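Participant: If you scroll down you'll find the structure; I have some questions about it.
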Amino acid sequence: MDSMPKLKIFVMLLSLVTFTAMVILNAGNATGLFKGLFRTTPGNISEKYSTDFTPAGWTFLIWNVIYAWQLAWLLYALSGICRRYSLPMTRVLGGGTSLL
Numbered sequence: 110m111d112s113m114p115k116l117k118i119f120v121m122l123l124s125l126v127t128f129t130a131m132v133i134l135n136a137g138n139a140t141g142l143f144k145g146l147f148r149t150t151p152g153n154i155s156e157k158y159s160t161d162f163t164p165a166g167w168t169f170l171i172w173n174v175i176y177a178w179q180l181a182w183l184l185y186a187l188s189g190i191c192r193r194y195s196l197p198m199t200r201v202l203g204g205g206t207s208l209l
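Our numbering applies: residue 110 is where the sequence shown begins, and numbers increase by one.
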């Protein structure tokens, strides 16, 4: 098998760095860690603009699931750097679920 192109490796690593920065900034904003960087938190916005429909705080836990799945996908993609062979995505996931 040919070695993986350097551009593909760079894009994979850039994706991981971007994901890590996003998680750090989102967590820092939600916990108030970056008070000087952000003026508001999601909780402050919800309190400031009262609406008839405001979801309960626990409903936002879906973001933990989204971030976990996104991290799993990034780790899977990065594992491609170390593989000796590659399986087409259509064999792994089926043709209807793959865009590759």
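Beta carbons are placed, not taken as given, at the ideal position from N, Cα and C, and that holds for glycine. Every value quoted in this text rests on a predicted model; they were computed, and no experiment measured them.
Under 8 Å by Cβ, that's how I've got phenylalanine 128 and leucine 183 pegged, so tell me the actual separation to the nearest angstrom.
Facilitator: Within the sequence shown, the letter at position 19 stands for residue 128. Within the sequence shown, the letter at position 74 stands for residue 183. Correct: roughly 6 Å between the Cβ atoms.
Participant: Would you mind working out which of Tyr158, Leu116, Ile190, Val132 sits nearest tryptophan 178, comparing C-alpha positions?
Facilitator: Working through the sequence shown from its first residue, we reach residue 178 at position 69. Ranking Tyr158, Leu116, Ile190, Val132 by Cα distance to tryptophan 178 puts Val132 first.
Participant: The alpha helix (DSSP H) that contains isoleucine 133, what's its start and end?
Facilitator: Here residue 133 is taken as the residue at index 24 of the sequence shown, counted from 1. Its alpha helix (DSSP H) spans residues 115-140.
Participant: Please go through the same chain and pick out, in chain order, the residues whose beta-carbon is closer than 7 Å to the beta-carbon of alanine 139, but skip the five residues on each side of it.
Facilitator: Counted from its first residue, the sequence shown places residue 139 at position 30. Same-chain partners within the cutoff: Thr150, Pro151.
Participant: Indicate the three-state DSSP secondary structure (helix, strand or coil) for alanine 177 in the structure shown.
Facilitator: To locate residue 177, count along the sequence shown from 1; it is residue 68. Three-state DSSP puts alanine 177 in a helix.
Participant: In three-state DSSP terms, what is leucine 183?
Facilitator: To locate residue 183, count along the sequence shown from 1; it is residue 74. Helix at leucine 183.
Participant: Between leucine 155 and threonine 168, how many whole angstroms is the CB-CB distance? I'm expecting something under 8 Å.
Facilitator: Looking up residue 155 in the sequence shown gives position 46. Looking up residue 168 in the sequence shown gives position 59. Looking at the sequence itself, residue 155 is serine, so the reference to leucine does not match. So it is not a contact: roughly 11 Å between Cβ atoms.
Participant: Note down, in chain order, each residue of its chain lying with its Cβ closer than 8 Å to the Cβ of alanine 186, except the 5 sequence neighbours on either side.
Facilitator: In the sequence shown, residue 186 corresponds to position 77, counting from 1. Closer than 8 Å at Cβ, skipping near neighbours: Met121, Ser124.
Participant: Over what stretch of residues does the alpha helix (DSSP H) that includes glycine 152 continue unbroken?
Facilitator: Numbered from 1 along the sequence shown, position 43 holds the residue referred to as residue 152. Run containing glycine 152: 151-157, per the alpha helix (DSSP H) assignment.
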